[in-house]
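Remember, this note's numbering sits 6 above the position in the sequence shown when you count from 1. All residues carry an ideal CB built from backbone N, CA and C; glycine is no exception. Quick caveat, the model's predicted, so the values are computed rather than measured.
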Amino acid sequence: MEARRRLLEAYERLKPLTLNLGDFVVSRATTLFEALVATVLSQNTSDRLAIRALENLRRLTGHPVTPEAILRTSLSQLLEAVKPAGMQKQRAERLRAIAEALARAPGLLDRLKGMSVEEARRALMRLPGVGPKTADVVLMVAGKATFPVDTHISRVMPRLLGLERASYEEMRTMAVEALCEP
7 MEARRRLLEA
17 YERLKPLTLN
27 LGDFVVSRAT
37 TLFEALVATV
47 LSQNTSDRLA
57 IRALENLRRL
67 TGHPVTPEAI
77 LRTSLSQLLE
87 AVKPAGMQKQ
97 RAERLRAIAE
107 ALARAPGLLD
117 RLKGMSVEEA
127 RRALMRLPGV
137 GPKTADVVLM
147 VAGKATFPVD
157 THISRVMPRL
167 LGLERASYEE
177 MRTMAVEALC
187 EP
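Now the structure itself:
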């Protein structure tokens, strides 16, 4: 398969690059809920600003951040905590809505590990404000064979594969098939 070969060649060329995983907000998450919070905080902003917002949330609610702690926190306090990431009203409301949904579905995040990737994706995407990329980031943190496609990957991957364009699902599927162990 040509796509697999090209992706693996690109992977081998890029592998020597050194990444500081501490620069990525999701790498600082200590639970799946924190990974979900970190991903929401990183949407449409830099990881540096999302890290500041996550640290603020931890100072406010305790470490790790939990759905229960979010629900105990006033909206005005949440707004202030997530302010560094920008769009604080939308983020605070989204975090509150996710926490409420998880309170109605206790243990959902723990059950993800026992689900297939597709079943787990569907379960996460039923949460308010969780789309394919956010679901894939959380599932990747959970050790599932998936591949989140961000803005940069969506620009580079079609060029790398000689495609005019590719949908999120097409790119995710090609990356999983090329990079994940069978």
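I'd like to know whether the C-beta atoms of residue i and residue j end up nearer to each other than 8 Å.
i: residue 71; j: residue 78; result: no
i: residue 17; j: residue 169; result: no
i: residue 81; j: residue 105; result: no
i: residue 177; j: residue 155; result: yes
i: residue 135; j: residue 110; result: no
i: residue 51; j: residue 91; result: yes
i: residue 66; j: residue 47; result: no
i: residue 130; j: residue 107; result: no
i: residue 10; j: residue 175; result: no
i: residue 181; j: residue 153; result: yes
Starting from residue i, trace the alpha helix (DSSP H) both ways and give me its first and last residue.
i: residue 4; result: The structure shown has nothing for residue 4, since the chain only spans 7 to 188.
i: residue 90; result: It is not in any alpha helix (DSSP H) - residue 90 carries neither H nor E in the DSSP assignment.
i: residue 155; result: That residue, residue 155, is in no alpha helix (DSSP H); it is neither H nor E in DSSP.
i: residue 55; result: 53-67
i: residue 142; result: 138-147
i: residue 44; result: 38-48
i: residue 172; result: Residue 172 -> no alpha helix (DSSP H), and no H or E assigned at all.
i: residue 117; result: 114-117
Since residue i and residue j should fall inside the 8 Å C-beta cutoff, what is the C-beta to C-beta distance between them, to a whole number of angstroms?
i: residue 140; j: residue 45; result: 5 Å
i: residue 30; j: residue 115; result: Between residue 115 and residue 30 the Cβ distance is about 20 Å, and since that is not below 8 Å, they are no contact.
i: residue 96; j: residue 85; result: With a Cβ gap of about 10 Å, residue 96 and residue 85 do not count as contacting.
Can you check which of these residues, the options, is closest to residue i by C-alpha distance?
i: residue 74; options: 102, 159 and 131; result: 102
i: residue 151; options: 137, 129, 119 and 161; result: 119
i: residue 69; options: 154, 107, 149 and 41; result: 41
i: residue 126; options: 159, 146 and 110; result: 146
i: residue 34; options: 153, 161, 163 and 58; result: 58
i: residue 12; options: 32, 138, 113 and 166; result: 166
i: residue 32; options: 19, 14, 56 and 15; result: 56
i: residue 124; options: 179, 164 and 172; result: 179
i: residue 53; options: 83, 19, 88 and 112; result: 88
i: residue 149; options: 122, 161, 163 and 159; result: 122
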